[in-house]
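Student: This is the structure, below, for whatever I ask next.
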Amino acid sequence: MKSQKNGKVYVGSTEKEPQDRVREHNQGSNTWSKYNGPFILKYFEKYHCKRDVLNRESFYKTGIGKQVKYAIVEKININIGD
């Protein structure tokens with residue numbers, strides 16, 4: 002998800018539908034979301050194995066992973082759910 006307020010990109014995992022999770026964040030479901038929203042869904046990946054999900058989420062929070070994350074978000078010029 003990308004913040005429409007400040008351009009920050011959020012990475013997280015959920016067992017819910019991605020659009021539902023974005024809606025929760027946009028309703029201020031936690032402190033970070035409350036101060037950085039509203040958000041738009043730019044990109045998501047689907048996995049069948051929880052371990053793979055957590056590994057990918059951890060990767061996106063590393064130095065090189067952050068570069069990859071921002072490259073993906075900037076390259077994809079669509080908003081999912083519009």
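Each residue of the sequence shown is one higher than the one before, starting from 2 at the first, in the numbering used here.
Ideal placement from N, C-alpha and C gives every residue a C-beta, glycine not left out.
Just so you know, these numbers come straight off a predicted model, no measurement behind them.
(1) Which residue wins for smallest C-alpha separation from F45, given the options S4, N7, K6, V74?
(2) Cutting at 8 angstroms between CB atoms, please list the residues of its own chain near V4, excluding the five before and the five after it.
(3) Would you list the one or two residues that DSSP bridges to S4?
(4) Along the chain, where does the alpha helix (DSSP H) containing N27 start, and where does it finish?
(5) Beta-carbon separation of L42 and V69 under 8 angstroms?
Tutor: From the atom records:
(1) What you label residue 45 is simply residue 44 of the sequence shown in a count that begins at 1. Ranking S4, N7, K6, V74 by Cα distance to F45 puts V74 first.
(2) Residue numbering aside, residue 4 sits at position 3 when the sequence shown is read from its first letter. Going by the sequence as given, residue 4 is Ser instead of Val. Closer than 8 angstroms at the Cβ level, and outside the excluded window around S4, lie V10, Y11, N37, G38, P39, F40.
(3) Taking the sequence shown and counting its residues from 1, one reaches residue 4 at position 3. Answer is F40.
(4) Counted from its first residue, the sequence shown places residue 27 at position 26. Element bounds for N27: 19-27.
(5) Against the sequence shown, residue 42 aligns to sequence position 41. Against the sequence shown, residue 69 aligns to sequence position 68. Not a contact, by the Cβ cut-off of 8 angstroms.
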